[in-house]
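Take a look at the structure below.
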Amino acid sequence: MIEDCEERDDNMADRRQLYVEMRAQDLDSIRLSTYRTACKLRFVQKKCNLHLVDIWNVIEAFRENGLNNMDLSAELSVARLEVVLSTIFYQLNKRLPTTHQINVEQSISLLLNFLLAAYDPFYRLKISRMRSATVTGSKQIFKIKCQ
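If you use full-length UniProt numbering, the sequence shown corresponds to residues 1 to 147, in order.
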């Protein structure tokens, strides 16, 4: 019983890792909320290497994993989300030159833990396809067209 509590505390600490690093950047000192939010999202993008992913790669990963036929209001399991993120980042690594390769496992772990902490504080994953597309580094017009 005590071991379960320790594991859960460690898991929560992993999930909050980006939040702790974000606080260290002192982004909360930015006065205007829109700029503050934009800076925080950009921090998450850079930390998880999402700034390298465009919307077309996300669409391709969704199609490969059969999520393009999924109902928009359907829930996505954590295991399935991890598979989608793995597809996105491994495909990204194939496209990058060998001198600019990313640590795929770290990117998957950081983004998965961030998404779980942001959208699922009670361990019930309800992440839609549209939420996943909005955090990529694509132009806004492409994001609107894909929704």
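We treat Cβ as the ideally placed atom computed from N, Cα and C, and that holds for glycine.
Since we're looking at a predicted model, the values are computed, not measured.
Item to check | Classification of Arg129 by the beta-carbon crowding that lies within 10 angstroms, buried from 16 upward | outcome: Caution applies to Arg129, whose pLDDT of 48 falls short of 50 and renders its modelled position unreliable; the value that the coordinates give is listed next. Classification for Arg129: buried.
Item to check | Closest Cα partner of Ile59 within the set Leu116, Leu92, Ser109 and Asp28 | outcome: Leu92
Checklist entry - Would you call Thr34 buried or exposed, if buried means 16 or more other Cβ atoms sit within 10 Å of its Cβ? => result exposed
Checklist entry - Do the CB positions of Val53 and Phe114 come within less than 8 Å of each other? => result no
Item to check | Residue from Glu64, Asn103 and Ala117 whose Cα sits closest to the Cα of Ala46 | outcome: Note on residue identity: the sequence assigns Lys, not Ala, to residue 46. Minimum Cα distance to Lys46 is reached at Asn103.
Checklist entry - According to the Cβ coordinates, are Asn69 and Thr87 closer than 8 Å? => result no
Checklist entry - Between Ile30 and Arg36, is the Cβ-Cβ spacing less than 8 Å? => result yes
Checklist entry - How should Ala38 be labelled, buried or exposed, when 16 other C-beta atoms within 10 angstroms of its C-beta is the threshold for buried? => result exposed
Checklist entry - So is Leu41 buried or exposed if we call it buried at 16+ other beta carbons inside 10 Å? => result exposed
Next on the checklist: Within the continuous alpha helix (DSSP H) that includes Cys39, where are the two ends?
Outcome noted: Ser33 to Lys47
Item to check | Distance CB(Ile108)-CB(Glu82) smaller than 8 Å | outcome: yes
Checklist entry - Applying the criterion that 16 or more other CB atoms from any shown protein chain within 10 Å of the CB defines a buried residue, is Ala74 buried or exposed? => result exposed
Checklist entry - Three-state secondary structure (DSSP) at Ala74? => result coil
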